[in-house]
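So the structure is just underneath, and the comments pick up after that.
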Amino acid sequence: MDHKARKADHIRINLEEDVQFPRLTTGLEKFRFVHQALPELNMAQIDLAVELFGHAVQVPLLISSMTGGTEAAERINRNLAIGAQARGVAMGVGSQRTGLEVGETADSFRVRDVAPDIL
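With the sequence shown counted from 1, adding 5 to any position gets you the working numbering.
Next comes the structure, spelled out in structure tokens:
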């Protein structure tokens, strides 16, 4: 199976098949926390923003991994990048093997034009 077909298959599988892990949890169900109300806090004053490698990141989250290699993957990547740009969220890249080995697919990984400021 070539790279483009594999990438297309990854997208199809995630859209059409049950890929949920049957018993995956956060592990937090094993703990009980005593409720500690914090009424003196002003939620509007809480700032989660950080600077990382010279880029402002508004929240400590990372959108990962982007896909690539097909027209559908390009749309997915661009939409993820637009969302990341709008909210100041970092975005990571997944495997770029297809983009490197199959040159005509490289554009499906390029998102800087719609997300010039994201990390």
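Beta carbons: idealized from backbone N, C-alpha and C, even for Gly.
No experiment lies behind these values; they were computed from the predicted model shown.
(message) For D112, would you say it is in contact with chain D, using Cβ-to-Cβ distances shorter than 8 Å as the test?
(response) As a matter of chain content, chain D is missing from the structure shown, which is built from one protein chain.
(message) Going by beta-carbon coordinates alone, are V119 and Q90 separated by less than 8 Å?
(response) Yes. Within cutoff.
(request) State the Cα-Cα distance for the pair L33 and G108, rounded to the nearest angstrom. (result) So the alpha carbons of these two residues sit roughly 44 Å apart.
(request) Return the CA-CA distance between H60 and T72, expressed in angstroms with no decimal places. (result) If you draw a straight line from the Cα of H60 to the Cα of T72, it comes to about 23 Å.
(request) For L67, I'd like the list of residues in its chain whose CB is within less than 8 Å of its CB, leaving aside the five on either flank, ordered along the chain. (result) Same-chain partners within the cutoff: V94, A95, M96, G97.
(request) Look up L53 in the DSSP assignment and say whether it is helix, strand or coil. (result) Three-state result, L53: coil.
(request) From the DSSP output, read off the bridge partner residues of H15. (result) Its beta-bridge partners do not exist; DSSP assigns none.
(request) Would you decide whether L57 is buried or exposed? Buried here means 16 or more other CB atoms lie within 10 Å of its CB. (result) Exposed, since its Cβ has fewer than 16 Cβ neighbours within 10 Å.
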